[in-house]
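Colleague:
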Amino acid sequence: MRSLNMKKRWMLPLIISSVISVSLLATFFDLGISIFPSRDVESQITSFFGEEKAQRVPSPPPPPPPPSPPPPPPPAPRFAYFISGSNGELGQLWRTLKSLYHPWNYYIVHLDLKSSVEERLELASRVAKEPVFAKVGNVHVITKANLVTYRGPTMVSNTLHAASILLKKYKHWDWFINLSASDYPLLTQDDLLYVFSQLKRDYNFIEHTSRLRWKEAERAMPLIIDPGLYQSTKSDIFWVAPRRTLPTAFKLFTGSAWTILSRAFVGYCIWGWDNLPRNLLMYYSNFVSSPEGYFHTVICNAPEFTSTVLNHDLHYISWDVPPK
């Protein structure tokens, strides 16, 4: 009986200590789980610090921007041609028109009053029947012919007439070029358009000089009358007395009758907002060979246009030597 009691006495502490040990082990494992994180937690921590480290590394500089594209080429200019002829020159005028034709340009053609009615009607018929001309619509025939006197002011008025038609009928052209039926191009229109596309649109090509020399006595001082101003039949100019002195209100210039004029200057000659073109037109109505001086004197006495003049007419003339 005593031994049984003794056994009970030492068994009870053993059981209690075992329970306490098991509890301590369980607590230890729980603490171990919380102290030593799982792989997911480790990966989160690693990624966090990795991101923080990556953020601290300076990023490389951005690549340089691509070069800007070259500027577009300037638009091609447009020429406005005036081709004038006289009696028996229908074939030459038609040849010149066909050789100069380009759909991009504009054309005014004229046979003066000395040419026959049949020639003028034939010219109008050819233009109307030409398929390209009819489709594009950039060729105009002056059907009401003007009387033009060689070396007289009617040559200037005829040119101004054509220029006024071009200003009214066609809005988008850059240069006005006057030609005769005997002219022929030395360059293709494509080449000419390309060259002029590089130029300022306000340039004027006028061969000119203020050194009149013999022209003072033979051109500027005599007074002439052009019968084409008041007659319906053609006759030559004639001289009248007395002679006149050189002008003091403006300076005279002379040069080639063939010019390439900007649209701005042509508009100035037609509208003449400061009256200089009109005054000079009246002065040159009694001037010998006024086509060789009118535009030259206007532009060289107009301050807004003097800086636009280039002293060349871009015209090559093959003279007869000796003259025929």
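At the far end of the sequence shown sits residue 325, using the numbering used here, and the numbering has no gaps. C-beta: ideal position from N, C-alpha, C; glycine also. Computed from a predicted structure; not experimentally measured.
Quick check on the DSSP output: the beta strand (DSSP E) that includes Ser263 runs from which residue to which?
Modeller: Counting along the chain, the beta strand (DSSP E) containing Ser263 begins and ends at Ile261 to Ser263.
Colleague: Might you give, ordered along the chain, the residues of its own chain that have their beta carbon closer than 7 Å to the beta carbon of Gly256, omitting 5 neighbours on each side?
Modeller: Once the five neighbours on either side are set aside, the close Cβ partners of Gly256 are Ile207, Glu208, His209, Thr210, Glu293 and His297.
Colleague: Check the C-beta distance from Tyr269 over to Pro278 and give it rounded, since I have them as a contact under 8 Å.
Modeller: Yes, they are in contact, since the Cβ atoms of Tyr269 and Pro278 sit about 7 Å apart, within 8 Å.
Colleague: Is the CB-CB distance between Phe254 and Cys301 below 8 Å?
Modeller: Yes, the pair counts as a contact, with Cβ atoms nearer than the cut-off.
Colleague: Looking at the unbroken alpha helix (DSSP H) that takes in Ser165, where does it start and where does it end?
Modeller: Start and end: Thr155 to Lys170.
Colleague: Would you decide whether Lys145 is buried or exposed? Buried here means 16 or more other CB atoms lie within 10 Å of its CB.
Modeller: Its Cβ having fewer than 16 others within 10 Å, Lys145 is exposed.
Colleague: Which of helix, strand or coil does DSSP assign to Leu311?
Modeller: The answer is strand: DSSP assigns Leu311 an E or B state.
Colleague: Is Ser181 helix, strand or coil when you go by DSSP?
Modeller: In this structure, Ser181 counts as strand in the three-state DSSP scheme.
Colleague: To which residues of the same chain is Ser116 closer than 8 Å at the C-beta, ignoring the five residues directly before and after it?
Modeller: Closer than 8 Å at the Cβ level, and outside the excluded window around Ser116, lie Gly86, Ser87, Asn88, Gly89, Glu90, Leu91 and Ala146.
Colleague: Cβ atoms of Pro70 and Ser198: under 8 Å apart, would you say?
Modeller: Their beta carbons are not under 8 Å apart, which means Ser198 does not touch Pro70 by this criterion.
Colleague: Just curious, the alpha helix (DSSP H) that Tyr295 is in, first and last residue?
Modeller: Here the alpha helix (DSSP H) through Tyr295 covers Tyr295 to Cys301.
Colleague: Between the region 93–102 and the region 169–189, do at least 3 Cβ pairs fall closer than 8 Å?
Modeller: Yes, the region 93–102 touches the region 169–189.
Colleague: Give the straight-line distance between the Cα atoms of Leu161 and Gly229, rounded to the nearest whole angstrom.
Modeller: Cα-Cα distance, rounded: 15 Å.
Colleague: Measuring alpha carbon to alpha carbon, tell me which of Ile318, Glu119 and Ser236 ends up nearest Thr155.
Modeller: If we check each option's Cα against that of Thr155, Ser236 comes out closest.
Colleague: If you count every other CB in all the chains shown that lies within 10 Å of the CB of Asp192, and 16 or more means buried, which is it?
Modeller: With fewer than 16 other Cβ atoms within 10 Å, it is exposed.
Colleague: Just mark His313 as buried or exposed, buried being the case when its beta carbon has 16 or more other beta carbons within 10 Å.
Modeller: By the 10 Å Cβ count, His313 comes out exposed.
Colleague: Who are the near neighbours of Trp174 in its chain, counting only those whose CB is closer than 7 Å to its CB and skipping five residues on each side?
Modeller: Arg79, Phe80, Ala81, Tyr107, Leu167 and Arg264, listed in sequence order.
Colleague: Quick one: residues in its chain with C-beta nearer than 8 Å to the C-beta of Thr246, no 5 flanking neighbours on either side, listed in chain order?
Modeller: Same-chain partners within the cutoff: Met222.
Colleague: Leaving aside the five residues before and after Phe306 along the sequence, list all residues of the same chain whose C-beta is less than 6 Å from its C-beta, in chain order.
Modeller: Phe266 and Ile300.
Colleague: Thinking C-alpha only, which one of Thr150, Leu112, Trp105 and His111 is nearest Val133?
Modeller: Checking every option, the nearest Cα to that of Val133 belongs to Trp105.
Colleague: Which same chain residues end up closer than 8 Å to Asn205 when comparing Cβ atoms and leaving out the 5 residues on each side of it in sequence?
Modeller: If we look at Asn205 and ignore the five residues flanking it on each side, its Cβ neighbours are Thr260, Ile261, Leu262, Ser263, Phe266, Ile300, Phe306, Thr309, Val310 and Leu311.
Colleague: Does the Cβ-Cβ distance between Leu124 and Val110 come in under 8 Å?
Modeller: The answer is yes: Cβ separation under 8 Å.
Colleague: One question on the structure: do Ala182 and Leu94 come within less than 8 Å of each other, judged by their Cβ atoms?
Modeller: Yes; because the gap between Cβ atoms is below 8 Å, this pair is in contact.
Colleague: Beta strand (DSSP E) containing Val241: first to last residue?
Modeller: From DSSP, the beta strand (DSSP E) with Val241 extends over Phe239 to Val241.
Colleague: Would you mind working out which of Trp320, Val128 and Asn287 sits nearest Glu219, comparing C-alpha positions?
Modeller: Of the listed residues, the one whose Cα sits closest to Glu219 is Asn287.
Colleague: Could you give the distance in angstroms between the alpha-carbon of Lys170 and the alpha-carbon of Ala135?
Modeller: Rounded to whole angstroms, Lys170 to Ala135 spans 16 Å at the Cα level.
Colleague: Helix, strand or coil: which one does DSSP assign to Val112?
Modeller: The sequence given here places Leu at residue 112; Val does not occur at that position. Residue state, collapsed to three classes: strand.
Colleague: In the DSSP assignment, what are the bridge partners of Thr207?
Modeller: It is Ile, not Thr, that sits at residue 207 in the sequence shown. None, per the DSSP bridge assignment.
Colleague: Under the rule that 16 or more other beta-carbon atoms within 10 Å means buried, what is Gly138, buried or exposed?
Modeller: Flag for Gly138 reads exposed.
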